[in-house]
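I have placed the structure first, in the form of structure tokens, so that the comments after it can refer back to it.
Protein chains: 2
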Amino acid sequence: MNLPIGELARRTGVKVPTIRFYEQIGLIAAPPRTEGNQRRYGKAEVDRLNFIRHARELGFEVDHIRELLAMSQEPQASCHQADSIAKAHLREVDRRIERLQALRVELSRMIDECGHGRICDCRIIEVLADHGQCSGEHVS
Amino acid sequence: MNLPIGELARRTGVKVPTIRFYEQIGLIAAPPRTEGNQRRYGKAEVDRLNFIRHARELGFEVDHIRELLAMSQEPQASCHQADSIAKAHLREVDRRIERLQALRVELSRMIDECGHGRICDCRIIEVLADHGQCSGEHVS
DNA sequence: TCTTGATCCTATAGTGGCTAGAGATTCTAG
DNA sequence: CTAGAATCTCTAGCCACTATAGGATCAAGA
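From first to last, the protein sequence lines are chains E and H. Sequential numbering from 8 applies to the first sequence in the numbering used here. Sequential numbering from 8 applies to the second sequence in the numbering used here.
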């Protein structure tokens, strides 16, 4: 072990500046340094960073990850809190999916209706402007 | 007309500080002022801000909105560019929906498998940590 | 031992799209 | 004339990074 930061980055898929950033915001602890002031990491940091990366990929916010990490260090505690964080996040994801799907519908209708002619006949601009004239004037 | 900024905000649903911010980044022009230095807007700004708000709601980035606004001012030009901006955005939306749905699946499987017991048996923590032991040690 | 080049260090600023707050001024209705 | 709502500018903060500058250090080969 005793990995330099670049090797930790390679093993976890978290970029070097991001690792330093995580240290700065206290998501990971400051590791020991070499005589020349370079960070050296052990196996524990690989695990912790993988945990963080995975949680970020799932869209958890840093503050929630902080809580999940704290929980993971108390194996005997109830997992009720982890469950409720995950459920709240799932609801949030559902909301986002719904919004994006509604948006998708509107976008593709807009695009379908575009006659590929002049701007003044264009449904895309028209839908956005939300007023249907085409007689020389313009939006602004 | 000759609306103060608050009234413009009310009519467009864009908040007052946001309007000033849009002016600052050049998305809308600096309007005339009263003797007391307060902004006064006309109908054109109401339309333009509505256009912007609508495009933002559809998730277009400010830079794309800038282009769309420029186009809307050249009614005789081809709408090919507007079309391609919209299509690129649609693809982006599709990508996001896909990612969120994959994420949703993983999240809800995680939650379903949570036995609501102790942390050390919890699938949520375990999935994140991505290593399945439960014998006193912990993640970090 | 020396050199080279990859990696590492700190510190600061930038990203996008706003939002919040302080402290001063101006407008408007009574 | 006055009170209070609305406005003004300016600065800083949000999130989660990312980029850049200008150095220092490390490891391998000659």
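Here a beta-carbon is modelled for each residue, glycine too, at the ideal position from N, C-alpha and C. Just so it is clear, the structure is predicted and the values come from calculations on it, not from any experiment.
Residues of the same chain with a CB within less than 8 angstroms of the CB of R40 of chain H, apart from the 5 flanking positions on each side, are R46, R47 in chain order.
Residue-level contact by beta carbon fails for Q31 of chain H and chain E, as no gap is shorter than 8 angstroms. A contact is defined here as three or more CB-CB pairs under 8 angstroms, and the stretch 86 to 99 of chain E fails this definition with respect to the stretch 14 to 29 of chain H. The C-alpha of R102 of chain E is placed about 22 angstroms away from the C-alpha of R116 of chain E. Annotated three-state conformation of P39 of chain H is coil, per DSSP.
Distance check between L65 of chain E and each of H:A136, H:I132, H:R111, H:L10 places H:R111 closest, using alpha-carbon atoms only.
Interface criterion not met: the Cβ of V112 of chain H is under 8 angstroms from no Cβ in chain E. Contact between I12 of chain H and L34 of chain H does not hold, since the beta-carbon distance rounds to 15 angstroms and is not under 8 angstroms. Excluding five sequence positions before and after I92 of chain H, the CB atoms of its chain that fall closer than 7 angstroms to its own CB belong to H71, E74, L75, given in chain order. If you draw a straight line from the Cα of Q80 of chain E to the Cα of R18 of chain E, it is about 22 angstroms long. As DSSP reads the structure, L135 of chain E sits in no beta bridge. Rounded to the nearest whole angstrom, the CA to CA distance from A77 of chain E to E14 of chain E is 25 angstroms. In the three-state DSSP reduction, P24 of chain H falls in the helix class (H, G or I).
Secondary structure of L110 of chain E (DSSP, three-state): helix.
By the neighbour-count definition (other C-beta atoms within 10 Å, threshold 16), N9 of chain E is an exposed residue. CA-CA distance, N57 of chain E to L135 of chain H, rounds to 8 angstroms. For E64 of chain E, the uninterrupted alpha helix (DSSP H) segment begins and ends at 50 to 64. CA-to-CA, the gap between A62 of chain H and C129 of chain E works out to about 15 angstroms.
For M117 of chain H, a Cβ of chain E is located within less than 8 angstroms of the residue's own Cβ.
Interface annotation for the stretch 92 to 103 of chain E against chain H: I92, A93, K94, H96, L97, V100, D101, R103, criterion Cβ-Cβ distance under 9 angstroms. Membership of M78 of chain E in the alpha helix (DSSP H) is indicated by the continuous run 69 to 79. For P82 of chain E, the closest alpha carbon among the candidates H:A16, H:A51, H:G124 is that of H:G124.
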